[in-house]
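*Asks:* If you're matching positions, the sequence shown starts at 5 in the numbering used here and goes up one per residue. Just dropping this structure here.
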Amino acid sequence: GSLLDERGGSAFAGLAALRIISEKTSVSDMPSVASAGDPALGLLTQDTMQAGYEAAGVEELYVPTTSRVTGLTPFSYVAGAMHIASNENVSTNIMIGHFGPEAGLLADISDRDYVTLIGASDNLAGQSVLYASTQDALIGEELFATGAYLGAGTSHSASLTVQDILRWLIIATLIGGAGLKFLGVI
Numbered sequence: 005g006s007l008l009d010e011r012g013g014s015a016f017a018g019l020a021a022l023r024i025i026s027e028k029t030s031v032s033d034m035p036s037v038a039s040a041g042d043p044a045l046g047l048l049t050q051d052t053m054q055a056g057y058e059a060a061g062v063e064e065l066y067v068p069t070t071s072r073v074t075g076l077t078p079f080s081y082v083a084g085a086m087h088i089a090s091n092e093n094v095s096t097n098i099m100i101g102h103f104g105p106e107a108g109l110l111a112d113i114s115d116r117d118y119v120t121l122i123g124a125s126d127n128l129a130g131q132s133v134l135y136a137s138t139q140d141a142l143i144g145e146e147l148f149a150t151g152a153y154l155g156a157g158t159s160h161s162a163s164l165t166v167q168d169i170l171r172w173l174i175i176a177t178l179i180g181g182a183g184l185k186f187l188g189v190i
């Protein structure tokens, strides 16, 4: 996704997940590899992965080329990401961001290589493709809850609690308004 339009939210959700994933995998035999479809987002993925390595205390193991821009259009991005998925010994493919129907190509290569795929998109077409092609699709607002799912911190969990409270307040207001309208008060 891009940072300067409506897709920026999904990009930031992906960066939050990348930070935690890079910290947890930084000392493994298969460290994280990140790709982006926007130049500014590509720089942020490098910075985010470096922060993950620093948080793990192994900043000397960080390799800047593990984060890269693979393409500037959706299909060119997927073509580059498919190359990464099939040639860099990937064990899990986590797709978080603004994906459309092109997500099916990445899902297909993951399936062919027996790679676990976890996907989340803010695009309805991308959500439907990921739902049909993976066991672990995050649908709707679950995209923005990935930080809480990964244990990123109390702020992520608190934001989910606030969302739930606001959702119930809206529901109560709508039901109350309908009740008042039914009684003729409004």
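Just so you know, even glycine gets a beta-carbon here, dropped at the ideal spot from N, CA and C.
Going by other Cβ atoms of all chains shown within 10 Å of its Cβ, with 16 needed for buried, is F79 buried or exposed?
*Replies:* When all chains shown are included, F79 counts as exposed.
*Asks:* Within its chain, find whatever has a CB closer than 6 Å to the CB of A40; leave out the 5 residues flanking it on each side and keep chain order.
*Replies:* Within the same chain, A40 has close Cβ partners G46, T49 and V73.
*Asks:* Quick check: the Cα distance between S125 and N93, rounded to an integer number of angstroms?
*Replies:* Distance between the alpha carbons of S125 and N93: 24 Å.
*Asks:* Report, in whole angstroms, the separation of the C-beta atoms of D2 and S90, which I expect to be a contact under 8 Å.
*Replies:* Because residue 2 is not part of the residues shown, which for the chain are 5 to 190, the question remains open.
*Asks:* Just to confirm, is the Cβ distance from A162 to I100 under 9 Å?
*Replies:* Cβ distance not < 9 Å, so A162 and I100 don't count as in contact.
*Asks:* By the DSSP assignment, the alpha helix (DSSP H) with L178 in it spans what residues?
*Replies:* Where L178 is concerned, the enclosing alpha helix (DSSP H) stretches over T158 to L187.
*Asks:* Suppose the cutoff is 6 Å on Cβ atoms and the five residues either side in sequence are ignored; what does the same chain contact list for A141 look like?
*Replies:* So the list reads G123, L134 and Y135, once near-sequence residues are dropped.
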